[in-house]
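Reading through the structure tokens given below for one structure.
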Amino acid sequence: MVKARATRSRVVPTSGDRWGTSAKPHTRRTARATRRLPPGVWPQTHNNGDVPPSSDRLLHRDVLAAVAVSLESSLIDAQPLQVEPTGNGFTHGYRVTLSDAAGATSDHTVFVETSPPEVTRPGVLALSNPATGERVDVWVYPADPALPALRTAVYAEAAGVVLARLGLPVDGLRVSLAAYRPGKRAVVRVDTTGTAYFLKVVRPPAAQPLQARHTLWREAGVPVPAVLGWSEEGLVALEALAGSELIGVLDRIDRPDALLDHIEALGEAIARVPSVSSARASLVRRVDWYEERLIEQMPAHDGLIERTARTIARRFAAGGSPPPSRTVHGDLHLAQLLVDPQNPTVITGVLDIDTSGWGDPADDAAALYAHLIATVVHDGGSRATVRARRASVLADGWRRRWYRAAETGFVDRAHAIAATQLLGHALSRSAAGSGGASALLERAHRVVNADERPLTASSW
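Every position in the sequence shown, counted from 1, becomes a number in this note's numbering once 123 is added.
The structure is reproduced here in structure tokens:
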């Protein structure tokens with residue numbers, strides 16, 4: 124493994140980042156002069172021409188108009204991209220098209236945080252609504268204030284400088300964003316003339332523990348990517364593992380029980396990995412928060428939401444305290460597992476162990492179940508696609524295996540956590556304006572009340 128030297132100097136891309144105007148500007152000035160909005164002012168546009176009529180229903184229409192004004196531009200179009208629950212609110216992502224005074228248009232990705240920290244952050248525009256007292260922070264990709272290394276990782280020229288310092292190959296360097304959760308982490312694929320690898324972008328304090336975690340897991344025999352180098356700025360370079368994402372090859376699997384056997388064996392192997400810290404806190408600890416946010420988003424379903432949340436709390440309490448901590452993945456689902464494409468029940472790789480550590484195995488069991496059900500709902504129901512049908516069968520087969528657990532409280536805790544996970548999926552879909560939120564809510568209610576009887580009539 125190549126140990127990284129600390130690279131504290133910030134590399135700023137030379138193109139593509141025109142957003143220098145904020146409550147506290149970037150260290151690099153843009154060549155073009157811009158007019159800055161005073162921090163704390165939330166302009167009321169009232170559709171005065173800054174915002175096209177087609178975007179009247181956009182959740183943060185006035186906020187995006189403020190960003191446009193700060194750049195002496197007009198907002199031509201805005202489309203929602205993603206919603207990420209963060210803190211006590213959400214981070215909303217939008218793709219926006221702006222037009223400057225000369226009529227030139229440009230596209231940007233803008234993020235709006237509804238529960239920002241009470242600090243001033245470089246490159247972030249803070250706005251407040253005098254009428255409601257609501258405050259939001261606004262920033263533009265890739266200037267994620269929580270992931271300062273992202274601006275380096277997504278531009279080949281800047282990334283090449285840092286990667287060369289790490290001793291990694293950079294000939295013919297090309298970079299592409301593979302995954303991104305604003306404020307949390309990102310994955311950037313790096314292709315060079317002779318090889319490919321990945322950059323995990325994390326908050327700076329998380330880089331060293333993450334590279335150490337990968338080493339511990341590999342030494343314990345769990346096939347996670349090897350660390351090729353890391354930087355205190357928040358970059359961890361990982362090898363590219365061979366294999367196919369399990370979620371994408373369900374149609375090639377002949378025997379679901381064989382796959383579930385391998386997943387169970389993986390969980391046992393993970394449990395034996397030594398850990399030095401706790402896994403991400405269980406989502407069930409925030410069931411009250413999910414209940415409140417869902418009632419705000421889906422008031423017509425308030426009764427079902429309240430009943431589901433209360434049942435979750437009762438069933439989780441019935442499960443008692445988990446046994447002495449064992450290592451868990453923290454975010455287990457089929458997209459985190461790579462398999463041999465020729466023998467797709469054999470797991471060849473495990474990804475994204477950022478949130479792993481000591482924890483309750485019921486959390487991993489519940490996360491896997493909830494993601495399978497979310498796949499079913501996403502595809503339109505258990506009969507809509509081959510993937511949905513098989514995900515439905517796998518989910519219920521996996522859930523019914525919980526009754527084999529030697530630890531008696533496992534069954535109740537796993538059902539309660541799975542229902543909470545489904546509330547989380549429902550909240551994300553509702554906040555994004557996507558379909559399926561009510562179906563996920565109904566699924567949460569069903570699973571928290573379920574016993575060992577099947578919950579699906581689908582067949583493999």
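Ideal placement from N, C-alpha and C gives every residue a C-beta, glycine not left out. This structure is a prediction, so every number in the text was calculated from the model and none was measured.
* Cβ pair residue 543, residue 376 closer than 8 Å -> no
* To do: Please name the residue in 369, 396, 437 and 572 whose C-alpha comes closest to that of residue 494.
  => 369
* For my contact list, residue 323 and residue 361 are in at a C-beta cut-off of 8 Å; report their separation, rounded to the angstrom. => 6 Å
* Proximal residues to residue 327 (C-beta, below 8 Å), its chain only, five neighbours per side dropped -> 271, 272, 355, 356 and 357
* To do: Name the two residues that bound the continuous beta strand (DSSP E) containing residue 223.
  => 212 to 223
* Minimum C-alpha distance to residue 567 - residue among 427, 451, 486 and 423 -> 427
* Asked: Would the region 215 to 224 and the region 558 to 567 be scored as touching if the rule is three or more Cβ pairs under 8 Å?
  -> no
* Asked: Can you list, in chain order, the residues of its chain whose CB lies under 8 Å from that of residue 606, leaving out five sequence neighbours each side?
  -> Absent from the structure is residue 606, since the part of the chain shown begins at 124 and ends at 583.
* Can you tell me whether DSSP reads residue 482 as helix, strand or coil? -> strand
* Beta-carbon spacing of residue 555, residue 205 below 8 Å -> yes
* To do: Quick one: grab the DSSP three-state call for residue 236.
  => strand
* Anyone know if the C-beta pair for residue 431 and residue 546 falls short of 8 Å? -> yes
* **Proximity to residue 230 [Cα-Cα], best of 366, 461, 310 and 194** => 194
* Could you pull the start and end residues of the beta strand (DSSP E) that residue 200 belongs to? => 196 to 209
* Compute the Euclidean distance between the alpha carbons of residue 212 and residue 489, then round it to the nearest angstrom. => 24 Å
* Burial state of residue 577, where buried means 16 or more other Cβ atoms lie within 10 Å -> exposed
* **alpha helix (DSSP H) runs contained entirely in the region 410 to 469, provided each spans 4 or more residues** => 410 to 420 and 425 to 441
* Asked: Can you name, in chain order, every residue of its own chain whose Cβ lies under 7 Å from the Cβ of residue 393, other than the five neighbours on each side?
  -> 345, 450, 451 and 452
* Taking the continuous alpha helix (DSSP H) assigned at residue 340, which residues delimit it? -> 330 to 342
* Scan the region 259 to 310 and note each continuous beta strand (DSSP E) run of 3 residues or more that stays entirely inside, going in chain order. => 297 to 304
* **Inter-residue Cα distance where the pair is residue 471 and residue 367** => 9 Å
* Please go through the same chain and pick out, in chain order, the residues whose beta-carbon is closer than 6 Å to the beta-carbon of residue 165, but skip the five residues on each side of it. => In this predicted model, residue 165 has a pLDDT of only 40, less than 50, meaning its place in the structure is not dependable; the value taken from the coordinates is given anyway. Hits under 6 Å: 250, 251 and 252.
* residue 312 - partner residues in DSSP beta bridges -> 299 and 321
* **Extent of the continuous alpha helix (DSSP H) to which residue 532 belongs** => Per DSSP, residue 532 belongs to no alpha helix (DSSP H) and is neither H nor E.
* Below 8 Å between beta carbons: does that hold for residue 539 and residue 407? -> yes
* Best match in 329, 300, 293 and 298 for proximity to residue 317 [C-alpha to C-alpha] -> 293
* Asked: Does DSSP put residue 367 in a helix, a strand or coil?
  -> strand
* To do: Tell me, please, whether the region 224 to 240 touches the region 274 to 283 by the rule of three or more beta-carbon pairs shorter than 8 Å.
  => no
* Through-space distance from residue 302 to residue 519, alpha-carbon basis -> 28 Å
* To do: Please name the residue, chosen from 261, 257 and 256, that lies closest to residue 246 on a Cα-to-Cα basis.
  => 261
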